[in-house]
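Just below is one structure, and these are the notes that go with it.
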Amino acid sequence: MKSMRRKSWVVGITGASGSIYGVRLTETLLSLGYDVQLIISNAGWRVLKEEMGFQAGNREEVLAEKFGGFEGNVIYHPISDIGATIASGSYLVEGMIIMPCSMGTLSSVAHGSSDNLMGRAADVMMKEGRPLVLVPRETPLHAIHLENMLTLAKLGVKIIPAMPAFYHGPKTIDDIVHFLVGKVLDSLRIEHELYTRWGD
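Everything in the sequence shown is counted per this note's numbering, starting at 649 for the first residue and increasing by one.
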């Protein structure tokens, strides 16, 4: 008999500022026992280097060092690998989160261009009716940005802008990051203890 498939989520990290959000989301999913199918755009690698000190020389080695030691496993997919497992709807995953999501990636998803693995994987989520969450990180927003978000929202895609709250009394950057990652997990009905809820 085949062993039970471990549940996994696709996580995309783009070149929008806020790479720490995607890193913390990945760490949290791994700590909860999920596998993470990870896609990082070329611009995403640049931002990870600038914001978090990631070195992009040997990418798989860097990711193994950063995300090793968790209960879940990271499966890294180069963004140009259109033949990856997650490019097919027959490959089962729970859903996908792009965090942070650049406006370029958001536009690609909204218009179904699927010109790389990030866009294709997101397209698969929509056509298969699986959860897709985009966390845009841009300001200010112009009309095209807003129209693309509206297009996706009408298709059932969850749009969770990187807007921190302050009612839980954040004192550190981690507190702010945890709140946003927690809101994403809430939208996917994944239990966590990343922040104190109103009334607790």
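C-beta atoms are modelled at their ideal positions from N, C-alpha and C, and glycine is treated no differently.
How many Å lie between residue i and residue j at the Cα?
i      : j      : result
Val781 : Ser656 : 15 Å
Ala791 : Arg653 : 43 Å
His759 : Lys697 : 29 Å
Arg852 : Lys806 : For the chain, the structure presents residues 649 to 848; residue 852 sits outside this window and is missing.
Asp822 : Glu709 : 25 Å
Glu699 : Met747 : 15 Å
Phe827 : Thr844 : 9 Å
Ser750 : Thr662 : 6 Å
Ser728 : His816 : 40 Å
Gly731 : Lys831 : 32 Å
Ser679 : Tyr669 : 15 Å
Thr799 : Gly752 : 15 Å
Thr733 : Val684 : 13 Å
Phe715 : Asn706 : 14 Å
Glu795 : Ser756 : 13 Å
From the options, pick the residue whose C-alpha is nearest to that of residue i; which is it?
i      : options                        : result
Arg778 : Leu828, Leu711, Ser736, Lys714 : Ser736
Phe879 : Met774, Ala801, Val684, Ser667 : There is simply no residue 879 to check, as the chain begins at 649 and stops at 848 in what is shown.
Gly660 : Lys802, Ile687, Ser679         : Ile687
Met811 : Glu742, Arg785, Thr820, Glu713 : Arg785
Pro809 : Thr787, Pro818, Glu795, His816 : Thr787
Gly692 : Val832, Leu836, Val671, Glu719 : Val671
Val658 : Ile824, Met744, Arg837, Ser665 : Met744
Thr674 : Phe814, Arg707, Gly720, Tyr739 : Gly720
Met773 : Ser755, Val783, Gly681, Ser738 : Ser738
At what residues does the beta strand (DSSP E) containing residue i begin and finish?
i      : result
Ser656 : 656-661
Who are residue i's beta bridge partners in DSSP?
i      : result
Ser784 : With the sequence shown as reference, residue 784 is identified as Pro, and Ser is not the correct amino acid for it. According to DSSP, which records beta bridges pairwise, Pro784 is partnered with Cys749.
Tyr605 : An answer regarding residue 605 cannot be provided, because it is not within the stretch 649 to 848 covered by the chain.
Ile824 : Ile824 pairs with nothing; no bridge assigned.
Lys831 : Bridge partners of Lys831: none, in fact.
Ile730 : Note: Ile730 sits in no beta bridge, so no partner.
The alpha helix (DSSP H) spanning residue i covers which residue range?
i      : result
Thr799 : 791-802
Lys819 : First-last for Lys819: undefined, no H or E at that position.
Met774 : 765-776
Tyr843 : Where Tyr843 is concerned, there is no enclosing alpha helix (DSSP H), given that its DSSP letter is neither H nor E.
Glu742 : First-last for Glu742: undefined, no H or E at that position.
Val710 : 707-715
Arg672 : 667-679
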